[in-house]
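Have a look at the structure below, then the notes.
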Amino acid sequence: DEANAEYDKAKKVVEALKEDHKNKEAEIASANDILKELPDPEELVPKIKRMRNELASATSSIATEEASLANLTRQDQDGKARIKKTRQVIADYTSGKSLSNMKTRISSIYRNWGFVILAAGDKQGVVAGSTLDVMRGGEVIGKLKVTAVEAGRSSADIILDSVAQGTTLQSGDTVVPEKEEVKAAPAQ
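If you read the sequence shown in the working numbering, its first letter stands for residue 614, the second for the next number, and so on.
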């Protein structure tokens, strides 16, 4: 009886091992099927290297294109700024004003005839017919009316009632475009 029990026990162990062996063979077959679907490693390694090179090239290309885009954006902004500045120059010229950034000085003064010669002309933005402020110490001490403009110099009449009593315009005084006076809104 004891021998039969040992035999039955051994038979069960063998059956379990056979079942386990069968399961392992099924797993191996399944793994082999999966491996059959995968490409050969001899082909896969060069393909991966090529794809890495393509990725590096694409990344470099993207960086180049982004730099180009930034450059074009800056050029566009610069162009828009130049257009805005040119429009302001055109607006100043058509409204009869000297350019807002124009700054010059009186080079000669002819008090007996009531006019001055300025050290700036058309190239610097002086416009015939415009009114200019004469500045000294940050204060407006008089006004001029431009009468004639050449490329590098211009002449202007002194607006007599704009010069304060006892003040004399002098060579070297700074001349800038007339500042527009801010008019107060009427009270309601």
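By construction, the Cβ of each residue, glycine as well, lies at the ideal position given by its N, Cα and C atoms.
Only a predicted model underlies this, so the values are computations on that prediction, with no experimental measurement involved.
Query - Integer-rounded CB distance, given that Ala764 should sit under 8 Å from Lys792 - result: Walking along the sequence shown from the start, residue 792 turns up at place 179. Walking along the sequence shown from the start, residue 764 turns up at place 151. The pair is not a contact, with the Cβ atoms about 26 Å apart (cut-off 8 Å).
Query raised in the report: Straight-line CA distance for Val658 to Arg665?
Result: As a working note, residue 658 is residue 45 in the sequence shown. As a working note, residue 665 is residue 52 in the sequence shown. Answer to the nearest angstrom: the Cα atoms are 11 Å apart.
Requested in this report: Please go through the same chain and pick out, in chain order, the residues whose beta-carbon is closer than 6 Å to the beta-carbon of Ser720, but skip the five residues on each side of it.
Outcome: For the purposes of this step, residue 720 is taken as residue 107 along the sequence shown, with counting starting at 1. Once the five neighbours on either side are set aside, the close Cβ partners of Ser720 are Ile730, Ala732.
Query - Residues near Gly734 by beta carbon distance below 6 Å, same chain, minus five either side - result: Here residue 734 corresponds to residue number 121 of the sequence shown, with the count starting at 1. Excluding residues within five positions, the ones whose Cβ falls inside 6 Å are Val762, Glu763, Ala764, Gly765, Arg766, Ser767.
Report task. State yes or no: is the C-beta of Gly709 within less than 7 Å of the C-beta of Gly738? Result -> By one-based count along the sequence shown, residue 709 stands at place 96. By one-based count along the sequence shown, residue 738 stands at place 125. No. Outside cutoff.
Query - Under 7 Å between C-beta atoms of Asn740 and Ser711 - result: Translated into positions along the sequence shown, residue 740 becomes position 127. Translated into positions along the sequence shown, residue 711 becomes position 98. Note on identity: in this sequence residue 740 is Val, with Asn being the wrong assignment. In this structure, the beta-carbon distance from Val740 to Ser711 falls below 7 Å.
Query raised in the report: In the structure shown, what three-state DSSP assignment does Gly692 receive?
Result: Locating residue 692 in the sequence shown gives position 79, where the first residue counts as 1. Three-state result, Gly692: helix.
Query raised in the report: Three-state secondary structure (DSSP) at Glu763?
Result: By one-based count along the sequence shown, residue 763 stands at place 150. When secondary structure is reduced to three states using DSSP, Glu763 falls in the coil class, being assigned neither helix nor strand.
Query raised in the report: Out of curiosity, what's the CA-to-CA distance linking Lys649 and Thr672?
Result: If you number the sequence shown from 1, residue 649 lands on position 36. If you number the sequence shown from 1, residue 672 lands on position 59. Rounded to whole angstroms, Lys649 to Thr672 spans 34 Å at the Cα level.
Requested in this report: Could you tell me the distance, in whole angstroms, from the CA atom of Ser674 to the CA atom of Arg687?
Outcome: The count along the sequence shown starts at 1 and reaches residue 674 at position 61. The count along the sequence shown starts at 1 and reaches residue 687 at position 74. Distance between the alpha carbons of Ser674 and Arg687 is about 20 Å.
**Report entry** Proximity winner among Gly692, Gln690, Ser713, relative to Gln701 (alpha-carbon distances)
**Finding:** In the sequence shown, residue 701 corresponds to position 88, counting from 1. In terms of Cα proximity to Gln701, the closest of Gly692, Gln690, Ser713 is Ser713.
Query raised in the report: What residue range is occupied by the uninterrupted beta strand (DSSP E) comprising Ser711?
Result: Within the sequence shown, numbered from 1, the residue matching residue 711 stands at position 98. In the DSSP assignment, Ser711 falls outside any beta strand (DSSP E), carrying neither H nor E.
Query raised in the report: Is the beta carbon of Lys756 less than 7 Å from the beta carbon of Ser775?
Result: The residue you call residue 756 lines up with position 143 of the sequence shown. The residue you call residue 775 lines up with position 162 of the sequence shown. Note that the C-beta distance between Lys756 and Ser775 is below 7 Å.
Query - Environment of Ala769 [buried if 16+ CB atoms lie within 10 Å] - result: Here residue 769 corresponds to residue number 156 of the sequence shown, with the count starting at 1. Per the 10 Å Cβ criterion, buried.
Query raised in the report: Less than 7 Å separating the beta-carbons of Ile754 and Gly727?
Result: Counting from one through the sequence shown, the residue named residue 754 turns up at place 141. Counting from one through the sequence shown, the residue named residue 727 turns up at place 114. Result no, Cβ atoms of Ile754 and Gly727 do not sit closer than 7 Å.
Query - Assigned secondary structure, Ser775 (DSSP; H/G/I helix, E/B strand, else coil) - result: In the sequence shown, counting from the first residue as 1, residue 775 sits at position 162. It is helical.
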